[in-house]
Every structure is written in structure tokens, then in C-alpha cells.
Amino acid sequence: MAAKSGAPVILMHMQGDPKTMQDDPRYGFAPTEIYEYLSARIEACVAAGIDAANILVDPGVGFGKTFDHNVDILDCLSLFHGLGRGILVGVSRKRFIASLSREEAPKDRLPGSLAAALAAVDQGVQMLRVHDVAETRQALSVWDALNPVGE
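The letter at position 116 of the sequence shown is residue 234 when you use the numbering used here, and the numbering goes up by one with no holes.
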């Protein structure tokens, strides 16, 4: 259906399924394993007739990953540019932010969410999945003003 409609497709990595994804996730080195997985999925989508220009990738922060896996992924987001597709990340209110900030309630993780989002943008991520749209937009506006492209 995506091939026929020309709809954009977001390929997200997740180890296991929603019921089992956090049951002892294991990787050699999460960023490279996720890169290889997404590369294979891009090839499969293109082979199925989906226009490569309509594909974005999401390394799936928080989906079948431990705290250390998530930090490794966020440290290596620029790696995913090698796939030649737009990159989306969802870091808003995630559990790893609670581990770093000691804010257990998801509603109290906005500052950490903004910091993680800006760190992702700093590595060239083009799309963010967020809960707090207005606050994230404001943070990005300030970020863009202070970090002009090409300077």
C-alpha cells in the first residue's frame, strides 16, 4: 500500500515485540547492529517498490534497549546519516532521561527531553517525535538562532 500511495514510511528498530522488548535486550554494539537492520529494511522497502526518498529511519530509542544501549545510540546518531535517509528520533519523556535526571514522573522530564532533542538535532536529526510540541518548538527556535547553518 505504501508503494502505491507514495506515502512516507518510517522504519523503526525494535528488538522483540512490545510485550518482550525489554526482557534482557542484548546487542554487540547497538548503533551498528541497528544500522545494519535499518539498512536491510530500506533495501527490502525499495525492492517492494517504495520510493527511497519517502523513507525515514528511527533507531527506536527506548524500544528493546537498555539505558546503555540508548546512550550509545544517542552518542552515535550521526552514524545513521550513512543510510542516506532522513532520521527521526523520539526521546521525549523516555526512561533513560529519568535515569540521568532522577525525575521519575514522565511529566517532569521536559528539561531532559529538550536537552536530548537538541543533542539529536546537533547530530543532524531532521525529525523529532515529542510530547511537548510548543516547548520543543521554542527550544529549537532558540537553538537555530544561536547555531546558524553555514557559519
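Heads up, the beta-carbon is just placed ideally off N, CA and C, and yes, glycines get one too.
Could you pull out every residue in the same chain whose Cβ sits closer than 7 angstroms to the Cβ of residue i, ignoring the five residues on either side in sequence?
| i | result |
| --- | --- |
| C194 | P149 |
| V164 | A170 |
Alpha helix (DSSP H) containing residue i: first to last residue?
| i | result |
| --- | --- |
| V164 | A148 to A165 |
| G124 | Element bounds for G124: n/a, residue is neither H nor E. |
According to the neighbour-count rule (16 or more other Cβ atoms, all chains shown, within 10 Å of its Cβ), is residue i buried or exposed?
| i | result |
| --- | --- |
| D262 | exposed |
| L280 | The structure shown does not extend to residue 280, since the chain is modelled only from 119 to 269, so the question has no answer here. |
| T254 | buried |
| F198 | buried |
From the DSSP output, in three-state form, read off residue i for me.
| i | result |
| --- | --- |
| G204 | strand |
| I215 | helix |
| V175 | strand |
The beta strand (DSSP E) with residue i in it runs from where to where?
| i | result |
| --- | --- |
| I128 | V127 to M130 |
Less than 8 angstroms between C-beta atoms, sequence neighbours within five positions excluded: which residues of the same chain meet that for residue i?
| i | result |
| --- | --- |
| P143 | Q133, G134, G182, K183, T184 and H187 |
| D141 | G134 |
| S231 | V209, S210, R211, K212, I215, V248, H249, D250 and T254 |
| V179 | N188, I191, L192, V207, G208, V209, K212 and F214 |
key: At least three beta-carbon pairs within less than 8 angstroms, the stretch 154–168 to the stretch 209–217   = no
query = Between the stretch 170–181 and the stretch 120–130, do three or more beta carbon pairs fall short of 8 angstroms?
reply = yes
query = Can you find at least 3 beta carbon pairs, one from the stretch 216–223 and one from the stretch 196–205, that sit closer than 8 angstroms?
reply = no
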